[in-house]
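*Asks:*
In this note's numbering, the protein residues as written are 14 to 174.
1) Would you list the one or two residues that DSSP bridges to residue 76?
2) Exposed or buried, which one is residue 157 when buried takes at least 16 other CB atoms within 10 Å?
3) Helix, strand or coil for residue 35 per DSSP?
4) Which two residues bound the contiguous alpha helix (DSSP H) that contains residue 131?
5) Run through the DSSP bridge pairs and tell me what residue 55 is partnered with.
6) Taking contact to mean at least 3 C-beta pairs separated by less than 8 Å, is the segment 54 to 63 in contact with the segment 95 to 112?
7) CA-CA distance, residue 142 and residue 172?
8) From the DSSP output, read off the bridge partner residues of residue 106.
9) Beta strand (DSSP E) containing residue 20: first to last residue?
10) Under 8 Å, do residue 104 and residue 97 count as touching if we go by C-beta distance?
11) Given that a residue counts as buried once 16 or more other Cβ atoms are within 10 Å of its Cβ, and exposed if not, what is residue 5?
12) Helix or strand or just coil, what does DSSP make of residue 83?
13) Just to confirm, are residue 25 and residue 70 a CB contact at a threshold of 8 Å?
14) I'd like the span of the alpha helix (DSSP H) that includes residue 155, first residue to last.
15) Looking at residue 155: is its Cβ nearer than 8 Å to the Cβ of residue 123?
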């Protein structure tokens, strides 16, 4: 039986819509986590995407893939990693993984993260890192079940006056 690819380089025709949805999603996550105020969140998010992806899909060391269903019938999400060079070597960093709402809770993210391991290793990465917002318990449980461990914790206390 032939294994169909799970991660496929993003098609140029899909990129603009992906960026727009991702800019809004990243802004919402940062507002929900208390890192950013609602006002200006979209502009702040857009600036981050422009900084990280100045050449779009052609930006060096940035790999944006579509996640395809197990039967190869359709794209069900996306995965964006960046290669980062550290004194200890090259690591892959997951900037974003997203499964479309109609396809969630069907194992697509798990399959994509499993496919990411040989993909990242082939690019020279010795590790994969990611950030998960504290309010996203489902994502944290998934990552932990796949062997990801906590490497640090950011904590915050709101001051009222």
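Even for Gly, the Cβ is constructed at its ideal location relative to N, Cα and C.
What you are looking at is a predicted structure, and each value in this text was computed from that prediction instead of being measured.
*Replies:* Concretely, from the data shown:
1) Within the DSSP bridge table, the entry for residue 76 names 94 as partners.
2) Exposed is the call here.
3) The answer is helix: DSSP assigns residue 35 an H, G or I state.
4) That run of the alpha helix (DSSP H) goes 121 to 135.
5) The partner list for residue 55 (beta bridge, DSSP) is empty, contrary to what the question assumes.
6) Cβ pair count under 8 Å is below three, so no.
7) Near 31 Å, if we compare the C-alpha coordinates of residue 172 and residue 142.
8) 95 and 142, per the DSSP bridge assignment.
9) Here the beta strand (DSSP E) through residue 20 covers 20 to 22.
10) Result yes, Cβ atoms of residue 104 and residue 97 sit closer than 8 Å.
11) Within the shown structure, residues of the chain are numbered from 14 to 174, placing residue 5 beyond reach of any answer.
12) The DSSP-derived three-state label of residue 83 is coil.
13) Cβ atoms of residue 25 and residue 70: closer than 8 Å.
14) Its alpha helix (DSSP H) spans residues 150 to 158.
15) In contact: residue 155 and residue 123 (Cβ atoms closer than 8 Å).
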